[in-house]
Structures are given as structure tokens and as C-alpha cells.
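Q: Each residue of the sequence shown is one higher than the one before, starting from 2 at the first, in this note's numbering.
The C-beta atom is built at its ideal place from N, Cα and C for all residues, glycine as well.
Because the structure is a prediction, the values reported are computed rather than measured.
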Amino acid sequence: MLFNALIRTHHITSRKKVAALKRAADTHKCHVLLRSGGCPGIMYVEGREQLDVEQWVNVVRKLRYKDFQLVARPRAVEAEAEYNNKNDKAPELRDAEIGLVEVESVKEFGSRMARRGVWNWWRKGMGYQA
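1. Taking C-beta to C-beta, are Glu55 and Cys31 nearer than 8 Å?
2. Can you give the Cα-Cα distance for Lys18 and Arg24, rounded to whole angstroms?
3. Going straight from the alpha carbon of Ile43 to that of Met2, what length do you get?
4. Using CA coordinates, which residue listed in Glu98, Arg74 and Leu101 is at the minimum distance from Lys125?
5. Starting from the Cα of Ile173, find the closest Cα among Gly38, Glu50 and Leu101 and give me that residue.
6. In the DSSP assignment, find the unbroken alpha helix (DSSP H) run with Gln51 in it and report its ends.
7. Terminal residues of the continuous beta strand (DSSP E) containing Val119?
8. Verify whether the separation of the beta carbon atoms of Lys67 and Thr10 is less than 8 Å.
9. What span of residues does the alpha helix (DSSP H) with Thr28 cover, start to end?
10. In this structure, how does DSSP classify Phe4 when only helix, strand and coil are distinguished?
11. Between Val72 and Ile8, how many whole angstroms is the CB-CB distance? I'm expecting something under 8 Å.
12. Hey, Glu81 and Gly118 are a contact pair by Cβ (cut 8 Å); roughly how many whole angstroms apart?
13. Let's test the definition: count the other Cβ atoms within 10 Å of the Cβ of Asn59 and tell me whether it reaches 16, buried, or not, exposed.
14. Among Gln51, Leu101 and Val102, which residue has its Cα nearest to the Cα of Ala77?
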């Protein structure tokens with residue numbers, strides 16, 4: 002079972018903080034996706050253990066990002082309807098690689114959320130849909 006969380010901040014620009022997030026992702030065996038470089042800053046974390054995801058979120062809290070919002074607390078990943086069929090699971094959802102990946106646009110972030118099978122969950126967390 003996988004667990005995930007979603008964080009929104011004002012922006013993610015500090016390379017020192019990004020390096021700390023990468024170390025934390027490796028330490029807590031999590032897959033992290035960042036939207037960095039401007040507003041908004043978005044962080045998606047996914048791991049096999051809820052405690053690992055919670056500990057990674059705590060690292061982010063301690064970095065004191067401006068306008069930190071934990072918009073989706075650590076919970077079990079629920080694959081969306083289009084991936085509920087056993088033969089049609091999102092490949093990236095099954096094999097969460099450990100480490101940190103950065104993207105520069107919200108559009109690219111959204112496309113990666115779709116590939117992971119959590120696009121509607123992400124849109125709701127970001128406030129893009131009710």
C-alpha cells in the first residue's frame with residue numbers, strides 16, 4: 002500500500018532547501034515531486050509507509066516555507082476510477098521510485114499526477130475543482 006500527501010507553498014526557489022528535501026526523500030524512502038522556480042510551490046510525496054510520508058512532511062515544516070499549506074494530509078493512496086481495474090493500474094503508482102524530481106510548470110506537475118493516477122485528487126487539493 003502507498004501513502005501520499007500534498008503541500009502548497011508560496012514558492013520553492015532555495016537550492017539549499019531543495020537539497021534538504023532531496024536528502025529527506027532518500028532518508029525516508031519517499032518519492033517526491035516538486036514544482037519549483039516560482040509561484041505556487043507544490044510538493045507531492047509518496048511512500049510505502051505512512052510514517053515515512055509524515056516524517057518527510059515534518060522536514061518540510063521545519064524548513065519554514067512561506068505560506069506553507071498541507072492541503073492533503075498523509076493518507077493511503079486511492080487510485081482513481083480509470084485505474085481501479087486490476088489490469089489498468091497506473092504504472093507509476095505501482096513502482097514509486099525513491100528520490101526527488103523537479104518540474105518547472107504546473108502543467109507538467111499535473112501531467113505527472115495524471116500518470117500516477119491521482120489527478121482528480123491533486124486538482125481538488127489545489128482548489129482547482131470542488
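A: Once the coordinates are examined:
1. To locate residue 55, count along the sequence shown from 1; it is residue 54. To locate residue 31, count along the sequence shown from 1; it is residue 30. No, these two residues do not count as a Cβ contact at 8 Å.
2. On the sequence shown, residue 18 is found 17 positions in, with the first residue counted as 1. On the sequence shown, residue 24 is found 23 positions in, with the first residue counted as 1. One C-alpha to the other measures close to 10 Å.
3. The residue you call residue 43 lines up with position 42 of the sequence shown. The residue you call residue 2 lines up with position 1 of the sequence shown. Ile43 and Met2: Cα-Cα distance of roughly 23 Å.
4. Taking the sequence shown and counting its residues from 1, one reaches residue 125 at position 124. Out of Glu98, Arg74 and Leu101, Arg74 has the C-alpha closest to the C-alpha of Lys125.
5. The structure shown does not extend to residue 173, since the chain spans only 2 to 131, so no value can be given for it.
6. Taking the sequence shown and counting its residues from 1, one reaches residue 51 at position 50. Looking at the DSSP string, the run of the alpha helix (DSSP H) that includes Gln51 is Gln51 to Lys63.
7. Residue 119 sits at position 118 when you count from the first residue of the sequence shown. Note, Val119: premise wrong, no beta strand (DSSP E); not H, not E.
8. Counted from its first residue, the sequence shown places residue 67 at position 66. Counted from its first residue, the sequence shown places residue 10 at position 9. Yes, the Cβ-Cβ distance between Lys67 and Thr10 is below 8 Å.
9. Your numbering for residue 28 matches position 27 in the sequence shown. Element bounds for Thr28: Arg16 to Thr28.
10. As a position in the sequence shown, residue 4 is number 3, starting the count at 1. Note: Phe4 maps to strand in three-state DSSP.
11. For the purposes of this step, residue 72 is identified with residue 71 of the sequence shown, where counting begins at 1. For the purposes of this step, residue 8 is identified with residue 7 of the sequence shown, where counting begins at 1. Yes, they are in contact, since the Cβ atoms of Val72 and Ile8 sit about 7 Å apart, within 8 Å.
12. Numbered from its first residue, the sequence shown carries residue 81 at position 80. Numbered from its first residue, the sequence shown carries residue 118 at position 117. Between Gly118 and Glu81 the Cβ distance is about 5 Å, and since that is below 8 Å, they are a contact.
13. Position 58 of the sequence shown holds residue 59. Asn59 comes out exposed.
14. Residue numbering aside, residue 77 sits at position 76 when the sequence shown is read from its first letter. Measuring from the Cα of Ala77, the nearest candidate turns out to be Gln51.
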